[in-house]
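If you read the sequence shown in the UniProt record's numbering, its first letter stands for residue 1, the second for the next number, and so on.
In this text, a Cβ means the ideal position worked out from N, Cα and C, and glycines have one as well.
Predicted model, so just to flag it, every value in this text is computed and none were measured.
I have placed the structure first, in the form of structure tokens, so that the comments after it can refer back to it.
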Amino acid sequence: MEDEQDSSADAQRRLQLYAYLQPREHHRTYLAIMRLFTSTLLADLSAGEVSSALAAAERDGRIDIGESHIDVVIPRLRQLVEWGNLVHGRRETIAASIAEFQQGSMRYQVSKLAVRVQRDVDELLRVPEGAREVSRELLPAIERGLSELGETLATASARSQQDAASLPARRAREQLAERVTTLFLQHAELAATVRDFYAYLGQVLTRHHLAPEEISGFRNLLVEYIQLVVEDVLRHTPAIAAALATLRGARGELVRLLRPAEQLGAAVERTRGRSEADWQELTDWFADRPGNPSQVTALRDATTRAIGALLATVRRATTGGGLLPSRRAELVKLAGWFDQATADEAHAIYAAAFGLYSARNLVPAPEHDGDDEHTPWQDGPALDVSVSVRGRGDRGARGRTSRIMDDPITEQGLLAQAREADERREAASAELAAASTNLAEVTLSGEALGALCELLTLAMAQREGAADPGTATDQVRGLSLTLTPEPGRMTRIRSSSGTLTLRDTALGISRVETGRKVRDGR
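Here it is, written out as structure tokens:
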């Protein structure tokens, strides 16, 4: 219980390091002070030196007027010390007066954790809102580094057993440390770019309404860029996982050779790759374990979900299904009109946009010679308003719906359209079956190409990987399509609408027996 309380207190103390970033009254001054302390190594500044440095920021408008005065800077520095971002320095000061001694005797330095916080803050403020490019070029570098690491480990282990203090042994350990550090830095950069890219992708796909140009851009992003990323990851993952499995038995020797530097003390923040946990984390990124899927598997699943979400968005935008169209653009334009309008114009715009006019007399005008021609409308006879209008604002008729009348003409027209569509599909299937033997030499019609593309989409969806075959069958028409990966094969299908080219793929079309044919034969 005591250890948990100490851990909670330490976490609370560390979270105080972010207090100066809150949108409080003087947060810009705190941010400028922290940037001043983290801009150089071993910065040791007095309140007067901080005040002089903040004067330039005050002239540029980065901080408020008067924030650079020495009497204002001193409580700001004390507050940062209280939060844990700054610590007191111990450098001696040579002063010419008591006032100068009081201002310059107390010096300040930045703490280690505060440097980490400020570095992350500056990096966050520089990051653009768009997608982050995935560093997929690091995959072959990781694969190459792991393949060379085994030989380096064997050399370092052999020389360390001969004479651990010799110069060749030290150089071998340094080379081993260099390879391990480079390997983990490359993996950290790759993992960070993958996480950032898919975080942006998830943020985009949560939007239910996209403009046509946005849909086109995201379609290219998913179909082209994600395909490159996933293909690179899947191509290099088997070799990387095999190399990590080979190194599993030598992890203990590897960690022993990369022992920590004793001169740094016991509590040392070690570089990644110096512990068994780091190597297990690296292995789990590329290789699956029972009950613990790898990040590569998660990446493939996330890609599948992203493509499905994009297709749903495209379907909503093109077919009109799903939610109602977004009115965001119209509302933003209306808000701009309100912002630029005068009071009278704003009332007119509001009435025209929402139909909320002032109260009016809905009673028909009386006859010219009527008895009540001078009676005000509020004192005249009341007008009966139905419950639906008074309670719900709905003028629609209430009660039981009327019986649907039989319309044989419309029914026959719909049946004729269905028969015509069925005949066109049957003709397209027959054309594909006839052209299956010499598909590269036949020019298909538009209907036949559409039927082919539907089967092609179903076959590609059933493939688990780029190297797996795929099959799709039209059970109604008795037509089967087979995709077979064949490196170097170019399959071209000509049609009246254009040419479809399939790279590294062989395409086969054949007739199959279906239940429909059996029933027709009866």
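Worksheet item: Mapping DSSP to helix, strand and coil, what is Gln109?
Response: Stepping through the sequence shown from its first residue, residue 109 is reached at position 109. Correct three-state label for Gln109: strand.
Discussion item. Here's a check: name, in chain order, each residue in its chain whose Cβ is nearer than 8 Å to the Cβ of Pro469, leaving out the five neighbours to either side.
Written reply: Along the sequence shown, read from residue 1 onward, the residue named residue 469 stands at position 469. Counting only Cβ-Cβ distances below 8 Å, and skipping sequence neighbours, we find Arg463, Thr482, Leu483, Thr484, Pro485.
Item to complete: Name the one or two DSSP bridge partners that Ile509 has.
Response: To locate residue 509, count along the sequence shown from 1; it is residue 509. DSSP output for Ile509 lists Leu481 as bridge partner(s).
Worksheet entry | Length of the line joining the Cα atoms of Ala461 and Glu330 | Taking the sequence shown and counting its residues from 1, the one referred to as residue 461 is at position 461. Taking the sequence shown and counting its residues from 1, the one referred to as residue 330 is at position 330. Approximately 39 Å between the Cα atoms of the pair.
Item to complete: State the CB to CB distance for the pair Gly84 and Gln175, rounded to an integer number of angstroms; the pair is presumed to be in contact (CB under 8 Å).
Response: Here the question's residue 84 lines up with position 84 in the sequence shown. Here the question's residue 175 lines up with position 175 in the sequence shown. Wrong, their Cβ atoms sit about 40 Å apart, outside the cutoff.
Fill in: Backbone secondary structure at Gly450 - three-state DSSP
What you label residue 450 is simply residue 450 of the sequence shown in a count that begins at 1. Three-state result, Gly450: helix.
Practice prompt. May I ask which residues mark the beginning and end of the alpha helix (DSSP H) holding Ala428?
Written response: Here residue 428 refers to the residue found at position 428 of the sequence shown. Here the alpha helix (DSSP H) through Ala428 covers 408-434.
Item to complete: Identify whether Leu86 lies in helix, strand or coil by the three-state DSSP scheme.
Response: Along the sequence shown, read from residue 1 onward, the residue named residue 86 stands at position 86. Three-state DSSP puts Leu86 in a strand.
Fill in: Cβ-Cβ distance between Val110 and Phe184 below 8 Å
Stepping through the sequence shown from its first residue, residue 110 is reached at position 110. Stepping through the sequence shown from its first residue, residue 184 is reached at position 184. Not closer than 8 Å, so no.
Worksheet entry | Simplified DSSP state of Asp379, which is helix, strand or coil | As a first step, residue 379 is located in the sequence shown; it is residue number 379 there, counting from the start. In this structure, Asp379 counts as helix in the three-state DSSP scheme.
Practice prompt. Enumerate in chain order the residues of its own chain whose CB-to-CB distance from Gly446 is below 8 Å, with the five nearest sequence positions on each side excluded.
Written response: What you label residue 446 is simply residue 446 of the sequence shown in a count that begins at 1. Closer than 8 Å at Cβ, skipping near neighbours: Ser495, Ser496, Ser497.
Discussion item. If contacts are defined as beta-carbon pairs under 8 Å, then Glu129 and Arg179 qualify, I think. What distance do you get, rounded to the angstrom?
Written reply: Your numbering for residue 129 matches position 129 in the sequence shown. Your numbering for residue 179 matches position 179 in the sequence shown. Not a contact, Cβ separation roughly 37 Å.
Worksheet item: Going by DSSP, what residues sit across from Gly470 in a beta bridge?
Response: Your numbering for residue 470 matches position 470 in the sequence shown. Paired residues: Leu483.
Worksheet item: Expressed to the nearest angstrom, what Euclidean distance is found between the alpha-carbon atoms of Gly291 and Asp284?
Response: On the sequence shown, position 291 is the one that residue 291 refers to. On the sequence shown, position 284 is the one that residue 284 refers to. Looking at the two C-alpha atoms, the distance is approximately 11 Å.
Worksheet item: Given Trp279, which residues of its chain have a CB within under 6 Å of its CB, disregarding the five upstream and five downstream residues?
Response: For the purposes of this step, residue 279 is taken as residue 279 along the sequence shown, with counting starting at 1. Arg251, listed in sequence order.
Worksheet item: In its own chain, which residues sit with a C-beta less than 7 Å from the C-beta of Glu58, not counting the 5 before and 5 after it?
Response: Locating residue 58 in the sequence shown gives position 58, where the first residue counts as 1. Cβ neighbours of Glu58 beyond the five flanking positions: Ile65, Glu67, Ser68.
Discussion item. If I measure Cβ to Cβ from Arg195 and keep anything under 7 Å in the same chain, skipping five residues before and after, which residues do I get?
Written reply: To locate residue 195, count along the sequence shown from 1; it is residue 195. Answer for Arg195: no residue qualifies.
Worksheet item: Quick one: what does DSSP say Asp278 is sitting in, helix, strand or coil?
Response: For this step, residue 278 is matched to residue 278 along the sequence shown. The answer is helix: DSSP assigns Asp278 an H, G or I state.
Discussion item. Buried or exposed, going by whether 16 or more other CB atoms sit within 10 Å of the CB of Ser160?
Written reply: Taking the sequence shown and counting its residues from 1, the one referred to as residue 160 is at position 160. Burial call: buried.
Item to complete: Would you verify that the beta carbon of Glu486 is, or is not, closer than 8 Å to some beta carbon of chain C?
Response: This model lacks chain C altogether; it includes just one protein chain.
Worksheet entry | Other residues of its chain near Pro287: CB distance less than 6 Å, five sequence neighbours each side excluded | Along the sequence shown, one-based indexing puts residue 287 at 287. Correcting the residue type first, residue 287 is Ala in the shown sequence and not Pro. For Ala287, where only same-chain residues beyond five positions count, the Cβ hits under 6 Å are Ala241, Ser294.
Discussion item. Would Leu205 and Ala302 be called neighbours here (beta carbons separated by less than 8 Å)?
Written reply: Locating residue 205 in the sequence shown gives position 205, where the first residue counts as 1. Locating residue 302 in the sequence shown gives position 302, where the first residue counts as 1. Not closer than 8 Å, so no.
Worksheet entry | Assigned secondary structure, Thr304 (DSSP; H/G/I helix, E/B strand, else coil) | As a position in the sequence shown, residue 304 is number 304, starting the count at 1. Looking at Thr304 - three-state DSSP - the assignment turns out to be helix.
Worksheet item: So which of Ala114, Arg132, Ala427 has the shortest CA-CA distance to Tyr198?
Response: One-based indexing of the sequence shown puts residue 198 at position 198. Per the Cα distances, Arg132.
Worksheet item: From Met490 to Ser510, what distance separates their C-alpha atoms?
Response: Position 490 of the sequence shown, counted from the first residue, corresponds to residue 490. Position 510 of the sequence shown, counted from the first residue, corresponds to residue 510. Those two C-alpha atoms are separated by around 20 Å.
Worksheet item: Val180 lies in the alpha helix (DSSP H); which residues open and close that run?
Response: To locate residue 180, count along the sequence shown from 1; it is residue 180. That run of the alpha helix (DSSP H) goes 167-205.
Worksheet item: Does the Cβ-Cβ distance between Leu113 and Arg272 come in under 8 Å?
Response: Within the sequence shown, the letter at position 113 stands for residue 113. Within the sequence shown, the letter at position 272 stands for residue 272. Cβ atoms of Leu113 and Arg272: not closer than 8 Å.
Item to complete: Pick helix, strand or coil for Leu323, following the three-state DSSP scheme.
Response: On the sequence shown, residue 323 is found 323 positions in, with the first residue counted as 1. With a pLDDT of 46 at Leu323, under the threshold of 50, the modelled position of this residue cannot be trusted, and the question is left open.
Worksheet item: So which of Gly150, Ala506, Ala459, Leu190 has the shortest CA-CA distance to Ala243?
Response: For the purposes of this step, residue 243 is taken as residue 243 along the sequence shown, with counting starting at 1. The shortest Cα separation from Ala243 among Gly150, Ala506, Ala459, Leu190 belongs to Gly150.
Worksheet item: Asp232 to Ala416, Cα distance in whole Å?
Response: Translated into positions along the sequence shown, residue 232 becomes position 232. Translated into positions along the sequence shown, residue 416 becomes position 416. The straight-line gap from Cα to Cα measures roughly 51 Å.
Item to complete: Using 10 angstroms around the beta-carbon of Gln118, count the other beta-carbons present and answer buried if the total reaches 16, otherwise exposed.
Response: As a working mapping, residue 118 is identified with position 118 in the sequence shown. Classification of Gln118: buried, given that the 10 Å Cβ count is 16 or more.
Item to complete: On a CA-only basis, which of His347, Ala172, Gln203 is nearest Leu153? Give me that one, please.
Response: Locating residue 153 in the sequence shown gives position 153, where the first residue counts as 1. Ranking His347, Ala172, Gln203 by Cα distance to Leu153 puts Ala172 first.
Worksheet item: In three-state DSSP terms, what is Arg76?
Response: In the sequence shown, the residue the question calls residue 76 occupies position 76. Looking at Arg76 - three-state DSSP - the assignment turns out to be helix.
Worksheet item: When DSSP builds the beta bridges, which residues end up paired with Asn292?
Response: Numbered from its first residue, the sequence shown carries residue 292 at position 292. Arg289, per the DSSP bridge assignment.
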